[in-house]
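**Student:** Per the working numbering, the sequence shown starts with residue 31, numbered consecutively.
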Amino acid sequence: MEKSSGTYAYNRKAGFNYELGDKYEAGIELTGIEVKSVRAGRANIDSGYVSIRGGEAFLMSVSIPPYQASNTPKEHEPERYRRLLLSKKEIAELCRLENGRSLTIVPISMYNKGRKVKVGLAIGRGKKQFDKRETIKKRESEREIGRSWKHGN
């Protein structure tokens with residue numbers, strides 16, 4: 031996924047730390063201060079994950095700092111749990127996948143769709159250390175091939 035003008039935050043670590051599977055799109059419940067901050071590109075979703083509790087999905091460990099620190103209410107919490115807006119059918123499917131096969135639901139990106147802020151989610155299975163090394167080797171070899179083509183060798 032390429033970071034476009036409509037993408038506010040992108041989780042670059044997700045593809046490295048997880049083998050990504052099915053993708054979902056969810057709305058997110060934000061306050062006005064948080065919406066302004068997200069649109070300013072200040073959201074950090076790198077360490078985020080989704081947890082399903084009581085038939086609802088929540089986005090955890092995502093930091094959205096205040097838009098203007100001086101005008102922010104004292105009760106604003108940058109890392110609070112944010113409810114995701116999914117259908118009951120999608121929540122049931124995510125809950126089954128998360129609990130059944132020890133998979134993690136990770137946020138991939140935060141973007142706009144019309145006037146709404148959406149979160150792209152993916153089902154991920156944690157990579158082992160040797161898988162990560164293989165990913166690094168593959169990336170470096172592709173980079174070397176690109177350099178050799180560029181220089182005409």
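In this text, a Cβ means the ideal position worked out from N, Cα and C, and glycines have one as well.
Under a Cβ-count criterion, where at least 16 other Cβ atoms within 10 Å of its own Cβ denotes burial, should LYS43 be classed as buried or exposed?
**Tutor:** Stepping through the sequence shown from its first residue, residue 43 is reached at position 13. Exposed, by the Cβ-count rule.
**Student:** Report buried or exposed for LYS118, applying the criterion of at least 16 other Cβ atoms within 10 angstroms of its Cβ.
**Tutor:** As a position in the sequence shown, residue 118 is number 88, starting the count at 1. Exposed: under 16 other Cβ atoms inside 10 Å.
**Student:** Going by other Cβ atoms of all chains shown within 10 Å of its Cβ, with 16 needed for buried, is LYS148 buried or exposed?
**Tutor:** For this step, residue 148 is matched to residue 118 along the sequence shown. Buried.
**Student:** Could you work out which residue in GLY144, ARG69, GLY71 and GLU55 is closest to ARG89 when comparing CA atoms only?
**Tutor:** Counting from one through the sequence shown, the residue named residue 89 turns up at place 59. One point to set straight first is that residue 89 is Leu, not Arg, in the sequence displayed. It is GLU55.
**Student:** I'd like the span of the beta strand (DSSP E) that includes ILE58, first residue to last.
**Tutor:** Translated into positions along the sequence shown, residue 58 becomes position 28. From DSSP, the beta strand (DSSP E) with ILE58 extends over 48-58.
**Student:** Name, in chain order, the residues that DSSP records as bridge partners for GLY142.
**Tutor:** Locating residue 142 in the sequence shown gives position 112, counting from the first residue. The residue you asked about is not Gly; residue 142 is Asn in the sequence shown. Paired residue(s): VAL147.
**Student:** Go to VAL92, then tell me how far its alpha helix (DSSP H) extends in each direction, as first and last residue.
**Tutor:** Translated into the one-based positions of the sequence shown, residue 92 becomes position 62. Premise fails: VAL92 is in no alpha helix (DSSP H) and is neither H nor E.
**Student:** Which residues in the same chain have their Cβ closer than 8 Å to the Cβ of SER67, if we skip the five residues on either side of it in sequence?
**Tutor:** Here residue 67 is taken as the residue at index 37 of the sequence shown, counted from 1. Result list for SER67: ALA73, ILE94, PRO95, PRO96 and TYR97, in chain order.
**Student:** Report the three-state DSSP secondary structure of GLU174 (helix, strand or coil).
**Tutor:** Reading the sequence shown from its first residue, position 144 is the one you call residue 174. It is helical.
**Student:** Return helix, strand or coil for SER67, following the three-state DSSP convention.
**Tutor:** The residue given as residue 67 occupies position 37 in the sequence shown. Reduced to three states, the DSSP call for SER67 is helix.
**Student:** In three-state terms, what does DSSP make of ALA152?
**Tutor:** Position 122 of the sequence shown holds residue 152. The answer is strand: DSSP assigns ALA152 an E or B state.
**Student:** Using the Cα positions of GLY85 and ARG69, report the straight-line distance between them to the nearest angstrom.
**Tutor:** By 1-based counting over the sequence shown, the position of residue 85 is 55. By 1-based counting over the sequence shown, the position of residue 69 is 39. Those two C-alpha atoms are separated by around 29 Å.
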